[in-house]
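Participant: I am attaching a structure below and will ask some questions about it afterwards.
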Amino acid sequence: MRYKAIAEAAPEGGWVVAVPSLKGAVTQGEDRADAEFMARDLVATILDTPVESVEITLTEVGGGGVEAVVEAWHAKEWT
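Right, dumping it as structure tokens:
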């Protein structure tokens, strides 16, 4: 299963990731790799499937933390 996700480096550190095709699917990670894994884990948990079966394509958006990710999500800048 492949999913697109939008990611942003948070000003306070770490990364925020949203999976727009799954309403409310937002997670975070210590670094970009951790954030990508957390997004895979989130999708797997929502869909009740093994994490190994989930692929995530991250698209980075500009600064601003959670608010910027949510704005990009609603503006559909991730497509």
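Here the sequence shown stands for residues 1193 to 1271, where the numbers follow my numbering.
All C-beta atoms, glycine included, are put in the ideal place defined by N, C-alpha and C.
The model shown is predicted, which means the values in this text are computed figures rather than measured ones.
Between the Cα of residue 1218 and the Cα atoms of 1197, 1251, 1253, which residue gives the shortest distance?
Facilitator: Distances from the alpha-carbon of residue 1218 to those of 1197, 1251, 1253 put 1197 closest.
Participant: What are the start and end residues of the alpha helix (DSSP H) that includes residue 1237?
Facilitator: Here the alpha helix (DSSP H) through residue 1237 covers 1224 to 1239.
Participant: DSSP three-state label for residue 1204, please.
Facilitator: Looking at residue 1204 - three-state DSSP - the assignment turns out to be coil, as it is neither helix nor strand.
Participant: Does the separation of the CB atoms of residue 1253 and residue 1234 fall below 9 Å?
Facilitator: no
Participant: When we look at the beta-carbon of residue 1263 and count the other beta-carbons within 10 Å, is it buried (16 or more) or exposed?
Facilitator: exposed
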